[in-house]
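I have placed the structure first, in the form of structure tokens, so that the comments after it can refer back to it.
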Amino acid sequence: MILKPRLEEIKIIGYYLGRIILGLSLTMLIPLVLGLAAGEVNPAVDFILGLEVSLLCGFILTRLCFTDKEMSWMQGMIVVSLSWVAAMLFGAVPLYLSGHWKSYLDACFDAMSGFATTGLTLVQNLDHMSYSHNLWRHLTMFIGGQGIVVVAIALFVKGSGAFKIYVGEARDEKILPNVLHTARFIWLLSITYLVLGTLALGITGLLGGMKPANAFFHGACIFMAAFDTGGFAPQSQSILYYHSLAFEVFTVVLMVLGAINFRLHYHVWMGNRREIVKNIETVGLFITILVTFMITAVGLFRMDTYPYALSLFRKGFYQLVSGHTGTGFQTIYAAQFINEWSHLSLTGVICAMAMGGAVCSTTGAIKMLRLGIVVKALLEDIKRIILPQGAIVVKKFHHIREVFMEDKLARAALLITLCYIVLYGLGALAGMFFGYPLVDSLFESTSAAANVGLSCGITSVSMPTALKITYIFQMWAGRLEFMSIFTLIGFFVAIVRGRR
Amino acid sequence: MKKTPFFYLTVISLLLFSSFCSAQPVSSSELIKNAKGYDGKAVTFSGEVIGDIMERGQSAWISVHDGLNAIGIWISKPLLKDIAYTGSYKSIGDAVEITGTFHRACPAHGGDLDIHALALRKVASGRLLQERPNPAKRGLAIILLGTLIIVWILMRFLHK
């Protein structure tokens, strides 16, 4: 029997949601300050409006739903899933007001794409966008990449409720024993890399002939989009705009750093460098990049897409790593994927996108740890069949420490893997329903659901509204890894069909 | 006068140059869509210069946007002497017509899709944009600020 949620439960959800909205609204101060400093009057007003609307909603929610009770696990999950919807709705306000999006839905699409670190975009006339709006687009990726809830925990949410919402945001690994310290470590790490990455990319831009202000602004934006495996870029040509090998090399390094588990970063920072070569996720990432690149390269070679080996490597490897790490930077035009890349090459990129990076990183998709566990479980079962009946098979893997393979681990990994495959498939079906070919639909759907952002051209202002909503849902579900979404659906079912 | 091979080469080059100077501009989507067909051929491409002029030695990269896509143009620095404005939030860039060789996967630039410019003609001059404050947005911001202050005062009052 399903029980209808009590008013007190709804108030707890509303209260914590309000606090997260308050935390998020404060992040709009950053582009607002930049807008004022750069003399961008109308963009600054857009951010004042966005700030006011979100503060107002945050204040009203925290006041109306005021409670001092702790959250349950279920409520934590619901708060997280609703927080991402709220972030999209409020984050889209300044974007829509800028006039660079044709509708509020398009602005919501880009806001969700930013927060979920996807990178698909419906922006218009990007090359004439203000610094402040451009910064906000990239900041959404930085905030979403570290985790909206991680932001709120670091600022506003304390107590045992913090861990419940932290887990709900698809981060089931604590780096430090205390979740508040974990959130702060994630921010310390990200800001350290932000400074170093911005300097490196800014100097590269400067040496590449950009004006100093633009070079460092682009450096900061590209860093946020690369390290948070987001994929937005300040110019419409994405990374092709820079025509720079050094820029491509730096962004590849940043994308890979962003695709690595924050826990692994912590251990490497603490001096445990051997963990890099022992960890199941880094080993898995290395192998899958190698295999999928070989598939992509063979496809490009057979199609004679790039007549020179260096061009083939530069274009093929860049798009592949961009897809595998879930970033979505491109050094080719979207239409080139379909017109010039063979189906074999596209299959290599689709597989890479579908697999993703490490858990507790900024990437989306199935992720290396789960794939590693599924493969190990499969090998264990095969070994059981081959070995004599009485033989005991003990399987372990290394992830920070030695972990014994248990059935429940394999089951959980397989379940999420299955959910992702279904999500990729459903999005592809939706694309085909609207008349797009299978490969194009699968490519774009996997890109949306795995929070990648590579596009073969389907994502555009003219695509059907239902497909825009489908991709928004895919980005949201893919980023939160389903459990929070399932809980939210269950909660709504309980409201409608539950008994008092 | 004896006509050397160099003479013929010069005449052919001039004829070719004048023919593509008068050619109709090709759109960026046409170039990207039929990149194999245009690969290595002379094209005319027109649009607004946007972003940075990135100087690299004796040449530079500029981006020209024709309203559909921006394409990277590799151009020698002397040809850029007429460019005064590039498109950004605060300015509309100069409108230019580029004639040059289109590369689907440029061997000199790591496989980039680009145009190596032979000539640049400024079609229209860009300008700085004067930002006009939007009174409707400003009014709404003041109303919302008032509402926010009232809500905050009420919250403080109710809390007590």
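Quick note, the sequences are listed as chains A and B, same order.
Just add 147 to wherever you are in the first sequence, counting from 1, and you've got my numbering.
Just add 1208 to wherever you are in the second sequence, counting from 1, and you've got my numbering.
Where is the CB? At the ideal position from N, CA and C, for every residue including glycine.
Partner residues in the beta bridge of D1322 of chain B, as assigned by DSSP, are B:G1280 and B:H1311.
Straight through space, the alpha carbons of L196 of chain A and A1349 of chain B are spaced by roughly 5 Å.
For K1289 of chain B, the closest Cβ of chain A is not nearer than 8 Å. Residues of chain A whose Cβ lies closer than 7 Å to the Cβ of E1263 of chain B are, in chain order, G356.
Counted as a single uninterrupted DSSP element, the stretch harbouring G503 of chain A is not any beta strand (DSSP E), since DSSP gives it neither H nor E.
Within chain A, no residue has its CB atom less than 8 Å from the CB of V1304 of chain B, the nearest being about 15 Å off.
Only residues of its own chain outside the window of five on either side were considered, and among them E1263, Q1266, S1267 and A1268 have a CB closer than 8 Å to the CB of K1285 of chain B, listed in chain order.
With a threshold of 8 Å between beta carbons, I195 of chain A makes contact with chain B.
In this structure L282 of chain A touches P178 of chain A by the C-beta definition: roughly 5 Å separates them, less than 8 Å.
Under a criterion of Cβ atoms nearer than 8 Å, no residue of chain A is adjacent to H1324 of chain B; the nearest Cβ is some 12 Å distant.
Near chain B, meaning a CB-to-CB distance below 8 Å, the residues of the segment 261-281 of chain A are D274, H275, M276, S277 and Y278.
Taken atom to atom, the span from the alpha-carbon of I485 of chain A to that of M276 of chain A is near 28 Å. For the 8 Å CB-CB criterion, A557 of chain A and I520 of chain A form a contact. The three-state reading of DSSP puts G1259 of chain B in strand, counting E and B together. Ranked by Cα distance from G470 of chain A, the first of A:F440, A:G352 and A:L459 is A:F440. H1273 of chain B reaches chain A at D274 and S383, counting residues in chain order whose Cβ is nearer than 8 Å. The segment 185-200 of chain A makes contact with the segment 237-250 of chain A: 3 or more CB pairs, one atom from each, lie closer than 8 Å. At the C-beta level, L570 of chain A and A624 of chain A come within 8 Å of one another.
Identification of residues in the segment 1312-1338 of chain B having a C-beta nearer than 9 Å to some C-beta of chain A yields R1312, A1313, C1314, P1315, H1317, G1318, G1319, D1320, L1321, D1322 and L1337, given in sequence order.
Not one beta carbon of chain B lies nearer than 8 Å to the beta carbon of R166 of chain A. Residues of chain A with a Cβ closer than 7 Å to the Cβ of G1295 of chain B are, in chain order, D274 and H275. F363 of chain A sits away from L401 of chain A, with the two beta carbons spaced by 8 Å or more. Nearest to A1344 of chain B by alpha-carbon distance, out of A:K555, A:L518, A:D253 and A:N189, is A:N189. For the 8 Å CB-CB criterion, R210 of chain A and L1276 of chain B do not form a contact. In this structure the segment 1233-1245 of chain B does not touch the segment 328-336 of chain A; the number of beta carbon pairs closer than 8 Å is below three. Using a Cβ-Cβ cut-off of 8 Å, K1345 of chain B is close to N189, V192, D193, L196 and L244 of chain A, given in chain order.
Looking at the DSSP output, W1269 of chain B sits in a beta bridge with B:M1262 and B:W1282. In terms of Cα proximity to Q271 of chain A, the closest of A:G495, A:H280, A:A263 and A:F629 is A:H280. Our two residues, E1256 of chain B and E156 of chain A, have alpha carbons roughly 57 Å apart in a direct line.
Here L1353 of chain B has no same chain residue with a Cβ atom under 6 Å from its own Cβ, once five neighbours each way along the sequence are excluded.
Among the residues facing chain A, P1286 of chain B is not included, as its CB has no counterpart in that chain under 8 Å away. Put simply, of A:K462, A:G503, A:L457 and A:E422 the residue whose alpha carbon is nearest the alpha carbon of G405 of chain A is A:G503. Check the Cα spacing between F620 of chain A and each of A:S609, A:I632, A:M610 and A:P611: the tightest is with A:I632. Here I539 of chain A carries a coil assignment [DSSP, helix/strand/coil].
In summary, the residues of the segment 459-484 of chain A whose CB is separated from some CB of chain B by less than 8 Å are L459, R461, K462, T478, I479, Y480, A482 and Q483, in the order they occur in the chain.
Put simply, the backbone Cα of H390 of chain A is about 49 Å away from that of E553 of chain A.
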